[in-house]
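S.K.: Heads up: the sequence shown is residues 22 to 419, going by our numbering.
Just so you know, even glycine gets a beta-carbon here, dropped at the ideal spot from N, CA and C.
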Amino acid sequence: MTEITMDPTDVRSSKVVPDIGEAPKLAPLTALHIVHVVRQFHPSTGGLEDVVDLLTREQVKAGHRVTIVTCDRVFATDQALPEKAEDNGRAIVRVAFRGSTKYPLAPGVLRALGDADLVHVHAIDFFFDFLAAARWLHRKPMVATTHGGFFHTQDLASLKKVWFQTLTRFSAQGYGRIIGCSQNDARNFRPVAGERVIAIDNGVDIEKFARCSSHEPVRRMVSLGRFSKNKRLDRLVETMAHLPEAWHLDIVGAESDWSAADIADMVESAGVTGRVTVHVRPDNEQIRAIMSKASLFASASEFEGFGLAVVEAMAAGLVPVLEGNPTFVDLAERHDLVQLADFADPAAAAQIIEKIFVEMTNSQASLREEAMERAELYAWSKVAAQYEDAYAAVLSDR
């Protein structure tokens with residue numbers, strides 16, 4: 022049977038430093054009341070929630086007053102949450118919503134803005150559109166971070182393109198800056214928002230899994246993220262069928278479009294039972310233990326807004342092997358230790374994985390050390406400072 026654990030909750034020498042922000046350098050901000058609007062926040066878990074959590078923690082450290090406005094239920098479990106809460110110096114205000122969790126209708130967000138000096142909207146959804154349409158009412162300066170837009174899958178692709186060129190284009194006019202959380206996002210949004218689009222790569226909690234990978238090369242790799250269709254775990258599992266039997270894959274994440282049972286079926290169908298372990302919602306210490314047995318990180322994802330898990334894996338010392346989607350191509354161009362593979366061709370992807378392992382075994386320079394070094398460029402303290410510059414530019418424009 023496929024193992025499923027259920028828990029709570031060639032050597033490269035060039036050093037390519039990523040451009041992780043293009044905001045102008047302005048005078049430091051005085052203390053502001055910053056209101057972040059995001060459709061889900063803790064106790065919901067995920068990449069978007071983590072970004073808001075870590076950015077706002079840095080802003081509290083900098084002396085700002087921070088409020089996080091979010092929906093009043095956890096989408097994944099329908100758990101009802103209290104209207105107000107306090108967390109690490111941040112006020113949390115939760116508003117009722119109805120309709121789809123992809124586009125939750127929550128007009129009560131207007132009342133929650135209070136005396137905000139600046140509103141920061143996360144993701145392109147109802148909040149992005151509604152607050153832009155209502156800007157004549159609330160009159161708050163606003164910025165938005167794209168977080169990949171709404172192109173994570175090809176579902177309703179034609180409708181999404183029309184929506185993007187019409188409603189998203191109109192809504193973008195309400196924001197002083199549109200912040201692409203990757204170079205790819207910035208490219209995608211410039212046609213609808215022009216020079217107001219800047220790129221600030223997501224920050225990453227690089228201490229969470231720091232230096233925890235295997236010190237010696239081993240034939241084991243980790244995949245980390247929600248079990249959503251765009252992650253193409255099916256292709257990753259199929260790739261295992263083309264690797265030598267010594268290889269093992271740990272799939273770590275939360276159930277989403279696919280359940281753990283769905284992945285177990287994939288594993289059985291691919292004939293790799295016993296060589297793939299599925300870990301559902303392990304805590305960080307458990308993830309560290311999983312990574313400590315591995316040398317590679319693998320993702321067959323067809324779409325990523327930024328690739329947060331990749332940088333977390335690099336901080337651990339795992340060498341990434343990634344599908345060639347636009348965001349991952351950008352990462353590979355900046356960090357030459359990142360390897361691209363076409364997981365639609367599992368046999369070819371398997372050859373690349375085995376080749377990287379051989380390189381790691383034979384090289385004197387450590388790709389593990391290089392991965393950890395590159396991850397330090399994404400420390401939240403550096404990224405939060407670039408957001409401060411973007412805020413200052415918006416307030417200066419006004």
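Tell me where the alpha helix (DSSP H) around T382 begins and ends.
M.R.: P367 to N383 is the span of the alpha helix (DSSP H), which, as asked, contains T382.
S.K.: Does the region 227–244 come into contact with the region 387–402, if we say contact requires no fewer than three beta-carbon pairs (one atom in each stretch) closer than 8 Å?
M.R.: Yes, the region 227–244 touches the region 387–402.
S.K.: Would you call the region 238–248 and the region 270–286 in contact, with 3 or more CB pairs under 8 Å?
M.R.: The answer is yes - the region 270–286 touches the region 238–248, with three or more Cβ pairs under 8 Å.
S.K.: Here's a check: name, in chain order, each residue in its chain whose Cβ is nearer than 6 Å to the Cβ of A353, leaving out the five neighbours to either side.
M.R.: V359 and L361
S.K.: Using 10 angstroms around the beta-carbon of D226, count the other beta-carbons present and answer buried if the total reaches 16, otherwise exposed.
M.R.: buried
S.K.: List the whole-angstrom C-beta distance separating M163 from G195, where the pair is believed to meet the contact cut-off of C-beta under 8 Å.
M.R.: Rounded to the nearest angstrom, the Cβ distance from M163 to G195 is 6 Å, consistent with a contact under 8 Å.
S.K.: Which one or two residues does DSSP pair with H85 in a beta bridge?
M.R.: None, per the DSSP bridge assignment.
S.K.: What is the residue span of the alpha helix (DSSP H) that T348 lies within?
M.R.: P347 to R355
S.K.: When the distance is taken between beta carbons, is K161 closer than 8 Å to L134?
M.R.: yes
S.K.: Would you kindly report the start and end of the unbroken alpha helix (DSSP H) that includes I308?
M.R.: Counting along the chain, the unbroken alpha helix (DSSP H) around I308 starts and ends at N305 to M312.
S.K.: Am I right that E375 and N346 are in contact with their C-beta atoms under 8 Å? What's the rounded C-beta distance?
M.R.: E375 to N346, Cβ: 22 Å. No contact.
S.K.: Please classify T166 as buried or exposed, where buried requires at least 16 other C-beta atoms within 10 Å of its C-beta.
M.R.: T166 counts as buried, since at least 16 other C-beta atoms from the protein chains shown sit within 10 angstroms of its C-beta.
S.K.: Under 6 Å Cβ to Cβ from V59, same chain only, skipping five residues before and after it: list those, please.
M.R.: So the qualifying residues of the chain are V73, T91 and H143.
S.K.: Quick check on H173: does DSSP put it in helix, strand or coil?
M.R.: Residue confidence is low: H173 scores 47 on pLDDT, short of 50, so the model does not pin down where it sits. Its coordinate-derived value is still stated next. Correct three-state label for H173: coil.
S.K.: Who are the Cβ neighbours of Q80 in its own chain at under 7 Å, not counting the five residues just before and after it?
M.R.: I55, V87 and A405
S.K.: Kindly indicate which three-state DSSP category E344 falls into: helix, strand or coil?
M.R.: strand
S.K.: If I measure Cβ to Cβ from V239 and keep anything under 6 Å in the same chain, skipping five residues before and after, which residues do I get?
M.R.: The residues are S316.
S.K.: Is there contact here, the region 291–310 with the region 185–203, by at least three beta-carbon pairs under 8 Å?
M.R.: no
S.K.: Between A321 and the rest of its own chain, which residues show a CB-CB distance below 6 Å, the 5 nearest in sequence each way excluded?
M.R.: Only R253, R256, L257, E344 and F364 meet the Cβ criterion.
S.K.: Using the rule of at least 16 other Cβ atoms within 10 Å of the residue's Cβ for burial, across every protein chain shown, is D278 buried or exposed?
M.R.: exposed
S.K.: Taking the alpha carbon of M242 as the point to measure from, which residue in K182, M287, A371 and A291 has its own alpha carbon closest?
M.R.: A371
S.K.: Going by Cα to Cα distance, which pick from D99, G68 and R111 is closest to H57?
M.R.: R111
S.K.: Looking at the structure shown, is F248 part of a helix, part of a strand, or coil, going by DSSP?
M.R.: strand
S.K.: Select from F147, I113, K105 and D136 the residue whose C-alpha is nearest the C-alpha of R119.
M.R.: F147
S.K.: When the Cα atoms are used, what is the spatial distance from P39 to R355?
M.R.: Its pLDDT being 41, under 50, P39 is placed unreliably by the model, and the measurement read from it follows with that caveat. C-alpha separation (whole angstroms): 6 Å.
S.K.: By how many angstroms is the C-alpha of R190 removed from the C-alpha of V213?
M.R.: 5 Å
S.K.: For A319, which of helix, strand or coil comes out of DSSP?
M.R.: strand
S.K.: Please work out which residues of its chain come closer than 7 Å, Cβ to Cβ, to A155, disregarding the five sequence neighbours upstream and downstream, and give them in chain order.
M.R.: L131
S.K.: Just to confirm, are L53 and D138 a CB contact at a threshold of 8 Å?
M.R.: yes
S.K.: Please classify H236 as buried or exposed, where buried requires at least 16 neighbouring CB atoms within 10 angstroms.
M.R.: With fewer than 16 Cβ atoms within 10 Å of its Cβ, H236 is classed as exposed.
S.K.: Output yes or no for whether 8 Å exceeds the beta carbon distance between M312 and L339.
M.R.: yes
S.K.: Would you kindly check if the distance between the Cβ of D222 and the Cβ of Y408 is under 8 Å?
M.R.: No. Outside cutoff.
S.K.: Relative to the C-alpha of V350, which candidate in P367, A334 and G328 has its C-alpha closest?
M.R.: Of the candidates P367, A334 and G328, G328 places its Cα closest to the Cα of V350.
S.K.: Could you give the distance in angstroms between the alpha-carbon of L416 and the alpha-carbon of L152?
M.R.: 17 Å
S.K.: Do P341 and F318 have their beta-carbon atoms positioned less than 8 Å apart in this structure?
M.R.: yes
S.K.: For L102, which option in K314, A207 and P64 has the closest C-alpha, if you only look at C-alpha atoms?
M.R.: P64
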